[in-house]
Structure formats: structure tokens, C-alpha cells
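Note that full-length UniProt numbering numbers the sequence shown so that position 53 is 53, with each residue one more than the last. What follows is a set of notes on a single structure, which appears directly below.
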Amino acid sequence: MSGRDQGQDTYREFTDAVNMKPGELSKWLETDESKHVGWRKKGTKGGESVGHESGRRIIELLRRKRDQLSEADYRHMRKVVGYVRRHMAQRPSGDVRQTRWRYSLMNWGHDPVKEALPPPGGPSRKALDRRGTPPKERRGPGR
């Protein structure tokens, strides 16, 4: 797989995992709930959590054009996708609307109450919204 293909896959998975818009995420990061959840790096007493810092970076990534993204940006996108998928697999039972679990995910740009996360390697959220993928004969060569 070429680097370009990996970048396209990473970008698609990132935009599937991050279901909050930049303005919505920015507003969320200003709340007390957002600031009081998450793991803090050792030696940063009362400092910003890793997820909160990531949320600020996610806003920047969402506002950039694809051709402006660096390899470091793609690495962070893969980190976000991994975090969201791992934590979605640990969903607590019951109503999650006012839980630290949800608040932590929202710091990473994913509101679990909004919509389901597509399966890894499967069609994107946009493709699923279009009622699945086109028939094989319309997908083009090698697809």
C-alpha cells in the first residue's frame, strides 16, 4: 500500500471517528466537564489533560486542507482513531449522556450519543449514509 493510500485511509477513518464539528468541539472544550476529565501527564499538577490537548489539535486538523497535512498530523489522526475505537469498545451500560466516559471521548472529538462508529476497514460513514457501496461492476478496476 502506498503512502498516499495510507493517508487516504487514515483521513477517512479520522473523519469517521471525529463526529463533532470544529466549532462544536471548540465550544465543548471550554466547559468545566471537558476540563475535569482525562489523564494528565506526570509532573503536570492540575495541567491540561492529554485528551483536552488532543481536542485542540483536532480542531486545527479539521480546519486544514488535506494537502496541508504533515506526517505528524497523520500520526495524530491515527492516535485519535485508536483512542476512539478502544474507548467505544469499553462503553458502560445504561445512560451515558452525563458520564466521564462520554466527556473523555468528546475531548477527542467523538460524541458517542450522536451516531454509531462505522466498523474499521469498512465503508465510511458517508458511504453508509448513501445506503451502502455501489455494485462491484460500478466500483472501478481493482476495487
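For glycine and all other residues, C-beta sits at the position ideal for the given N, C-alpha and C. Computed from a predicted model, the values in this text were never measured in an experiment.
Task: For residue 133, three-class secondary structure by DSSP - done: In this predicted model, residue 133 has a pLDDT of only 49, less than 50, meaning its place in the structure is not dependable enough to derive any value.
TODO: Classify residue 108 as buried or exposed, calling it buried when 16 or more other Cβ atoms lie within 10 Å of its own Cβ.
DONE: With a threshold of 16 other beta carbon atoms within 10 Å, residue 108 meets it and is buried.
Open item on the list: Would residue 105 and residue 59 qualify as a contact pair, given that the criterion is a beta-carbon distance under 9 Å?
Closed with: No, the pair does not count as a contact, with Cβ atoms beyond the cut-off.
TODO: Taking only the alpha-carbon atoms, compute the straight-line gap between residue 13 and residue 23 and give it to the nearest angstrom.
DONE: Those two C-alpha atoms are separated by around 20 Å.
- [ ] Label residue 32 either buried or exposed according to how many other C-beta atoms from any shown protein chain fall within 10 Å of its C-beta, with 16 as the threshold for buried.
- [x] Around the Cβ of residue 32, a 10 Å sphere holds fewer than 16 other Cβ atoms; the residue is exposed.
Task: Spatially closest choice to residue 163 from 63, 27, 73, by CA coordinates - done: Shown here, the chain extends from 1 to 143; a query on residue 163 therefore has no answer.
- [ ] Assign residue 142 to one of two classes, buried (16 or more other C-beta atoms within 10 Å of its C-beta) or exposed (fewer than that).
- [x] For residue 142, the predicted structure reports a pLDDT of 48, less than 50, and the residue's modelled location is therefore unreliable. A value from the coordinates is still provided. It is exposed - the Cβ of residue 142 has fewer than 16 other Cβ atoms within 10 Å.
Task: Whole runs of the alpha helix (DSSP H) within the segment 28–57, excluding any shorter than 4 residues - done: 32–35, all fully within the segment 28–57.
Open item on the list: Using 9 Å as the threshold, is the C-beta distance between residue 112 and residue 102 below it?
Closed with: Cβ distance < 9 Å, so residue 112 and residue 102 count as in contact.
TODO: Please list, in chain order, all residues of the same chain as residue 19 whose beta carbon is under 7 Å from its beta carbon, the five residues on each side excluded.
DONE: So the qualifying residues of the chain are 110, 111, 114, 115.
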